[in-house]
Structure formats: C-alpha cells, structure tokens
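Note that our numbering has the sequence shown beginning at 5, numbered continuously upward. C-beta: ideal position from N, C-alpha, C; glycine also.
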Amino acid sequence: MSDDPDKTGGPAAGDRKDAHLALAADPLALSGISAGFERVRLEHCALPECSLADVRIETDCLGRQVSAPLFVGSMTGGTAHADAINEALAETAEAAGVALAVGSQRASLESGRSQAGLRKRAPSVPLIGNLGGVQLAMEGGIDLARRAVDDLQAEAIFIHLNPLQEAAQPEGETDWRGVLTAIGTLVGTLPVPVMVKEVGAGIGPDVARRLFDAGVHAVDVAGLGGTNWTRIEVARRSEAALFAPFLDWGLPTVDALRGVRAACPHGRLIASGGIADGLDAAKALWLGAALVSMAGPVLRALTGDGRGTPDPEAAEQVITLWKDQLRLAMFLTGASDLSAFAGKPGHVDALAAR
Ligand SMILES: Cc1cc2nc3c(=O)[nH]c(=O)nc-3n(C[C@H](O)[C@H](O)[C@H](O)COP(=O)(O)O)c2cc1C
C-alpha cells in the first residue's frame with residue numbers, strides 16, 4: 005500500500021509492511037462504523053422454483069472463468085514474511101478458483117524482489133497487480149506500473165487511492181496533484197485493464213465518474229466498515245491527536261456502492277470493505293457490484309493473529325463457506341444464476357436495524 009518512508013523501498017518500508025500484517029489481523033484494525041450491509045434486506049422468496057444444488061455462481065473475471073464472483077483483496081508482498089503470505093494466498097486462490105490481488109508492488113520492485121513465483125502457484129486464476137496512485141504520479145511511476153504487471157504476468161492492475169492513510173502515516177505522501185492525469189496516461193499505456201480502488205475509506209460518485217471518464221476498467225469502492233487504515237496507522241504513531249476525530253472518516257461500503265451505481269449506471273463496479281461473509285457478498289452483488297473482494301477476513305483465516313504459520317487450506321475453507329452462503333442467499337430469493345439474482349426484489353433501510 006503506501007510506500008516507503010525512506011522513498012527507496014528499503015528496510016523501513018519492509019518493517020512497516022510486516023507491522024501492517026500483524027496490526028491488520030488485530031481487532032483494533034476494525035472500523036467503528038458498519039459497512040451498512042445490515043440495512044440491506046433481500047426479499048425472501050417462499051417459492052424459489054429452483055434447486056439449491058443447481059444455483060450457479062461461476063463467472064468471468066478479467067477474461068478467465070472463476071468459480072465465484074469473489075476474490076482475495078490486495079494485501080501484501082515485498083518482505084520475506086509478506087512474500088510467504090502471498091505465496092499461501094496464491095495457493096488458496098488457485099484451490100478456490102478465484103482471483104488474487106496482491107498488495108503494493110513498489111517496495112518489492114525497488115528492492116529487486118520478484119513476485120513472479122506467484123503465477124506458478126496460481127496458474128489458472130487471474131492475478132491483479134497493485135501500485136499507489138500517488139506513487140504512479142511521481143517520476144517513473146508509469147514505468148513502475150508496467151514493471152509491476154510484467155513481474156506478476158498480471159491480468160490487470162489496481163491503482164489504490166489512499167489519501168487518508170498516507171496523511172495518517174508520519175512518512176506518508178500528501179501531495180496528491182496529478183494522480184488522475186497519471187491514471188489516464190496509464191490507461192492509454194498498459195496492455196492490461198487499469199482498475200482503481202480505495203483502501204477502506206470509500207470511493208464516492210464524483211470520484212468514480214472522473215475515473216470512468218479517464219477510461220478505467222473498473223472501480224472498487226473499497227469502503228468503510230472493515231479494515232480501517234486510519235486506526236492501524238494511528239496505532240503506529242506516538243502522537244495521534246490530529247487524527248482522533250478522523251478514525252472512522254469515510255464512506256461506508258453500502259453507501260459508496262449505491263451512490264456510484266446511481267451516478268455511473270454502466271460503470272463496472274467492485275465491492276470491498278467490511279464484507280464479512282457470503283450474505284454480505286450477495287448483498288453487494290445485488291447492489292450492482294460485478295465482483296466482491298475480502299482482504300482482512302482472508303488474512304485472519306490464513307494466519308489467525310497475523311503472526312501464525314499461513315494455512316492456505318483454512319483460508320480456502322472460509323472462501324468455500326462464503327460461496328455456499330452466496331448460493332443460499334440466491335436460492336432464497338429464487339435466483340438460480342447471477343443475472344437472475346440482479347433483478348430480485350429487496351430494499352435498503354434508511355437506518356441501521358442493529
Ligand atoms: C494487511 C493488509 C494490507 C493491505 N495492503 C494493501 C495494499 O498494499 N494495496 C491496496 O490497494 N490495498 C491494501 N489493503 C486494503 C484492502 O485491499 C482492502 O481495500 C481493505 O482492507 C478493505 O477490505 P477488508 O475490509 O475486506 O479488509 C490491505 C489490506 C490488508 C488487510
């Protein structure tokens with residue numbers, strides 16, 4: 005994600021990546037505000053007229069057939085520990101038949117670590133690269149993005165927008181001029197789709213419209229309600245009074261999705277941020293997302309407290325559970341495939357029904 009304190013991808017960046025992994029698995033990393041899925045009610049259908057066993061959730065993802073419209077969200081890479089986590093995540097994604105997005109590749113590329121081995125562990129599923137928007141706008145940023153895609157043999161790249169997280173880092177980048185222009189340049193340069201995401205504070209309708217106008221392939225709203233980077237960065241600071249009122253700043257995922265869907269009815273949307281299970285994923289799809297990703301929950305399934313030995317099978321089991329929950333939600337609305345599910349009735353409550 006946010007990159008190097010020493011601006012070279014050196015050891016300090018690596019220490020931070022390992023600290024992020026441990027902190028992200030800790031309850032302190034969770035947002036104090038819900039993503040909003042408890043407000044979304046899918047209408048129960050007492051006469052489904054389909055068989056649960058026949059409910060189909062396979063779909064296309066970046067030109068490859070995947071087992072479900074779910075994927076493992078961007079997390080890490082670039083240190084020995086982070087690379088071990090990514091290798092385990094690649095095994096999980098391959099076994100589950102879903103795409104894998106990696107975390108920011110800048111530190112990795114600048115310190116000469118290749119992540120090319122991930123393709124060997126996940127030969128049949130889409131791999132998605134990652135670079136920060138503010139780093140893309142710096143000198144050499146477009147070339148770095150090209151190298152990120154080449155190193156991974158990626159099907160696409162995510163550019164992440166994280167102004168709040170960068171501001172909360174003592175070493176973060178707070179000059180965000182020229183990022184949209186750089187994204188537009190990248191779209192015209194790279195041979196693979198460019199997708200843009202936040203990291204948990206959400207992308208709203210106006211930003212999404214500008215991104216689609218710049219030609220991006222998809223926008224991942226990556227909203228508030230799950231892993232909270234302000235809380236994680238503040239936990240790493242000795243002095244954090246400035247950020248105390250901003251701990252839960254951002255757009256909850258459900259609000260971001262609804263706003264962007266209304267403003268950009270034809271834009272390809274991805275949902276992430278606080279998606280806790282397969283029913284939340286179903287609700288995000290029903291709200292208009294084509295794909296849904298989970299980051300923190302996969303990390304916790306893989307490593308427990310973030311320090312444990314990665315267990316790809318445990319993470320795959322959780323993804324299998326989410327797929328079964330998605331199928332069950334579709335069955336209970338009377339939908340036997342994803343296109344039928346999109347048109348099923350439901351509603352969004354104005355206030356949370358906690
Ligand atoms: C350990 C960890 C590291 C992350 N690093 C990155 C990153 O490098 N790039 C990025 O775009 N997002 C990164 N994210 C953000 C996630 O992709 C996602 O947008 C965010 O965590 C919200 O999803 P969640 O609630 O399912 O965790 C990271 C998330 C976690 C948990």
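Asked                                                                                                                                  : Found
Which term fits H48, buried or exposed, when burial requires 16 or more other beta carbons within 10 angstroms of its beta carbon?     : exposed
Whose beta carbon lies closer than 6 Å to any heavy atom of ligand 1, going through the chain in order?                                : M5, H24, L25, A28, G77, S78, M79, T80, G107, S108, N134, F162, H164, K201, V203, G204, A226, G230, T231, S276, G277, G278, I279, M298, A299, G300, P301 and L303
Pick helix, strand or coil for A28, following the three-state DSSP scheme.                                                             : helix
Expressed to the nearest angstrom, what Euclidean distance is found between the alpha-carbon atoms of G347 and A333?                   : 14 Å
Specify, as a first and last residue, the run of the alpha helix (DSSP H) that V264 falls within.                                      : T257 to A267
In the structure shown, what three-state DSSP assignment does N134 receive?                                                            : strand
Whole angstroms is fine: what's the gap from P301's alpha carbon to A33's?                                                             : 11 Å
Distance, Cα to Cα, A40 vs L330?                                                                                                       : It should be noted that the sequence gives Gly, not Ala, for residue 40. Distance between the alpha carbons of G40 and L330: 18 Å.
What would DSSP say about L215, mapped onto helix, strand or coil?                                                                     : helix
In this structure, what does DSSP give as the bridge partners for G350?                                                                : L46
Taking the C-alpha atoms as reference points, what is the distance between L66 and F75?                                                : 12 Å
Threshold first: 4 residues or longer. Then list the alpha helix (DSSP H) segments lying entirely within the segment 76-146, N to C.   : 84-100, 110-114, 121-125 and 137-140
If you count every other CB in all the chains shown that lies within 10 Å of the CB of P314, and 16 or more means buried, which is it? : buried
Between G227 and S112, what straight-line distance do the alpha-carbon atoms span, to the nearest angstrom?                            : 26 Å
Taking only three categories from DSSP, how would you classify Q169?                                                                   : helix
If you compare alpha carbons, which of A105, S71 and D353 is closest to V153?                                                          : A105
Nearest by alpha-carbon distance to P249: which of V220, T234, R43 and G263 is it?                                                     : T234
Comparing alpha-carbon positions, which option in E53, H221, Q119 and G182 lies nearest V196?                                          : H221
Mind checking whether W187 and L140 have CB atoms under 8 Å apart?                                                                     : Reading off the sequence, residue 187 comes out as Ile, not Trp. It is a contact, given that the beta carbons lie within the stated cut-off.
Between R68 and G136, what straight-line distance do the alpha-carbon atoms span, to the nearest angstrom?                             : 25 Å
Anyone know if the C-beta pair for A129 and G101 falls short of 8 Å?                                                                   : Sequence inspection shows Val at residue 129; the Ala mentioned does not correspond to that position. Yes. Within cutoff.
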